[in-house]
Amino acid sequence: MIPLSIPHLGGNEWKYVKSCLDTGWISSAGKFVDEFGESVASFTGSKHGVACVNGTSGLHLALELAGTKRDDLVIVPNITFIASLNAISYTGAQPLLFDICPDTWQMDLNLLEDFLASEVDVIDNQCIHKSTLKRISAIMPVHVLGNMVDMDRLLKLSEVYHLTIIEDATEALGSRYKGQHAGTFGLMGVYSFNGNKIISTGGGGVMVTNDQALAHQFKHLSTQAKVSPDEYIHDQIGYNYRLVNVLAAIGVAQMEQLSDFIQKKKLIDRYYRNELAGVGDISFQKVENEVDHNCWLFTLRTSKMRSLLKHLNNNGVQSRPFWQPMNQLPMFSDCLYAQKDNVSNQVYQEAISIPSSIGLSECQLEEVVETIKSFFKTE
Ligand SMILES: *Cc1c(COP(=O)(O)O)cnc(C)c1O
0 MIPLSIPHLG GNEWKYVKSC LDTGWISSAG KFVDEFGESV ASFTGSKHGV ACVNGTSGLH
60 LALELAGTKR DDLVIVPNIT FIASLNAISY TGAQPLLFDI CPDTWQMDLN LLEDFLASEV
120 DVIDNQCIHK STLKRISAIM PVHVLGNMVD MDRLLKLSEV YHLTIIEDAT EALGSRYKGQ
180 HAGTFGLMGV YSFNGNKIIS TGGGGVMVTN DQALAHQFKH LSTQAKVSPD EYIHDQIGYN
240 YRLVNVLAAI GVAQMEQLSD FIQKKKLIDR YYRNELAGVG DISFQKVENE VDHNCWLFTL
300 RTSKMRSLLK HLNNNGVQSR PFWQPMNQLP MFSDCLYAQK DNVSNQVYQE AISIPSSIGL
360 SECQLEEVVE TIKSFFKTE
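For the sequence shown, numbering that gives the first Met the number 0 gives the first residue as 0, with consecutive numbering after it.
This is the structure:
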């Protein structure tokens, strides 16, 4: 089986993990924890980076620190991984769903602009949803598959309507818009190092921000809000959201290879786009010129998605459909959903992700392409 997206451990992972084990520094006080956060910050051009146990916990904490509270609304695209909405839900706020663009598969900013122009009032620097009188406290753009929306336009809207941006950049480490890294546009941005992401610590996350106080509070809240290093004194209800040193050690080693990984992902992307153009009714995700895409997970569209999916998985090429749109899930079916043509569902019916691991050989890439071509020949 050619796997969809698996970690690539090609550098100092073993050495750094061994040093944790040899010295006994396996838990959350070891030196790799800070080093990992700092290396992600310096790579992305942020002032601060703080590691946490996974991307979901990072998004939760970031929202809480940004002041999102029970009964607020948080704007989020309808096509994302469930974790974005779970993080919003943990704060007691409710997702306010927006449909996506048919070509880029990112949040539709035309819809957003129209909605804000007609459905909200700004009162005392707060964005109030007119029909429910709820406060819209934040907007969580999700850089789906590492692609990005027109960030200039999003920033302008967020300023006019007093919306704090918390970026779900969990898939987008290394992606840039006009040269600036995904995750660094908002008040805070969060990356994930889950097993299938562009680099992995097995599980992990890093929050980046330019605000020193927020970085400090993030660390504080993620470590049970413990005030003193020596005594059990706490000043808030905190969380046990720390990353442990063994995993951070893997992260430091993975960061050393990230630039090479991105190069390889780009080669995979280029190869698939060249080889699969014109095959059946296949179309690709559009990436705007301003976006330098990390090419995390190659995903294409075809009206034959369901049968292609079966064909690939039966023939040793692991493939996956896209996420079921959030408005179709029972927990979120009552959420407000701004849409015109329910593009989310169209993309969901047609999108399929194919193998994109760093370690793929040329042979394997050819096999993926041949297996797809053979499907369309017999169609
Ligand atoms: C992976 C992912 C997350 C969550 O990250 P974890 O580290 O798995 O908790 C959140 N949002 C999106 C869009 C993701 O792809």
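All residues carry an ideal CB built from backbone N, CA and C; glycine is no exception.
Which one or two residues does DSSP pair with residue i in a beta bridge?
i, result
"glutamine 125", "Ile122"
"valine 73", "Pro94 and Ala137"
"aspartate 234", "According to DSSP, aspartate 234 bridges with nothing at all."
"isoleucine 99", "Met106"
"serine 191", "Gly204"
"histidine 292", "Partner(s): none; histidine 292 has no beta bridge."
"tyrosine 336", "Leu96"
"lysine 225", "His233"
"phenylalanine 283", "Leu299"
"histidine 310", "Histidine 310 pairs with nothing; no bridge assigned."
"isoleucine 1", "Val316"
"tyrosine 176", "Gln179 and Val290"
Should residue i be counted as a contact of ligand 1 given a C-beta to heavy atom distance under 7 Å?
i, result
"lysine 196", "yes"
"valine 141", "yes"
"glutamate 12", "no"
"asparagine 53", "yes"
"alanine 50", "no"
"isoleucine 167", "Correcting the residue type first, residue 167 is aspartate in the shown sequence and not isoleucine. Result yes, Cβ under 7 Å from ligand 1."
"asparagine 77", "no"
"alanine 350", "no"
"phenylalanine 283", "no"
"glutamate 170", "yes"
"asparagine 193", "yes"
"alanine 82", "yes"
"glycine 380", "Outside the displayed range of the chain (0 to 378) lies residue 380, so it cannot be described from this structure."
"valine 250", "For clarity, residue 250 is glycine in the given sequence; the question names valine instead. No, the Cβ of glycine 250 stays beyond 7 Å of every heavy atom of ligand 1."
"glycine 91", "no"
"glycine 202", "yes"
Cα-Cα, which of the options is closest to residue i?
i, options, result
"aspartate 259", "Phe97, Ile357 and Val278", "Ile357"
"aspartate 107", "Leu132, Lys17 and Leu153", "Leu153"
"leucine 246", "Cys19, Ile5 and Ser4", "Cys19"
"threonine 183", "Ile197, Thr131, Asn195 and Asp167", "Asp167"
"serine 191", "Val207, Gly185 and Gln179", "Val207"
"leucine 96", "Leu72, Ser117 and Ala86", "Leu72"
"aspartate 340", "Ile99, His47 and Thr43", "Ile99"
"leucine 266", "Leu359, Ile1, Asp149 and Ile249", "Leu359"
"phenylalanine 35", "Cys51, Asp21 and Ile25", "Cys51"
"serine 27", "Met139, Asn239, Thr79 and Glu37", "Asn239"
"serine 343", "Asn293, Thr79, Arg175 and Tyr270", "Thr79"
"serine 4", "Asp229, Gly201, Met330 and His142", "Gly201"
"phenylalanine 42", "Gly173, Gln125, Lys376 and His59", "Gly173"
"threonine 169", "Val16, Gly204, Ile371 and Ile122", "Gly204"
"proline 320", "Leu242, Ser302, Val286 and Leu275", "Ser302"
"leucine 311", "Asp333, Ser282 and Ile351", "Ile351"
"glycine 279", "Lys264, Lys372 and Val251", "Lys372"
"histidine 180", "Asn193, Asp102, Asn209 and Trp24", "Asn209"
"isoleucine 135", "Gly91, Asp151 and Asn146", "Gly91"
"isoleucine 164", "Ala137, Asp21, Asp149 and Ala171", "Ala137"
"methionine 139", "Lys196, Gln317, Leu186 and Leu307", "Leu186"
"aspartate 151", "Leu144, Val143 and Tyr176", "Tyr176"
"aspartate 234", "Lys285, Val189 and His219", "His219"
"glycine 188", "Asp333, Asn326, Ser56 and Pro324", "Ser56"
"glycine 54", "Ala86, Glu63 and Phe331", "Ala86"
"isoleucine 353", "Val368, Cys362, Gln345 and Asn293", "Val368"
Could you please give the first and the last residue of the uninterrupted beta strand (DSSP E) stretch that includes residue i?
i, result
"alanine 350", "350-352"
"alanine 50", "47-51"
"leucine 299", "298-300"
Going by DSSP, what residue range makes up the alpha helix (DSSP H) through residue i?
i, result
"serine 199", "It is not in any alpha helix (DSSP H) - serine 199 carries neither H nor E in the DSSP assignment."
"isoleucine 165", "Isoleucine 165 -> not in any alpha helix (DSSP H); beta strand (DSSP E) instead, spanning 163-167."
"alanine 86", "81-89"
"threonine 380", "Nothing in the structure corresponds to residue 380, since the chain is present only between 0 and 378."
"arginine 241", "First-last for arginine 241: undefined, no H or E at that position."
"serine 375", "Looking at the sequence itself, residue 375 is phenylalanine, so the reference to serine does not match. Taken as a continuous stretch (DSSP letters only), the alpha helix (DSSP H) holding phenylalanine 375 covers 361-377."
"tryptophan 13", "12-22"
"lysine 218", "211-221"
"serine 56", "54-64"
"glycine 36", "30-43"
"valine 316", "Segment: none, valine 316 is in no alpha helix (DSSP H) and carries neither H nor E."
"asparagine 273", "257-275"
"serine 130", "Counting along the chain, serine 130 falls outside any alpha helix (DSSP H), and DSSP gives it neither H nor E."
"lysine 155", "150-159"
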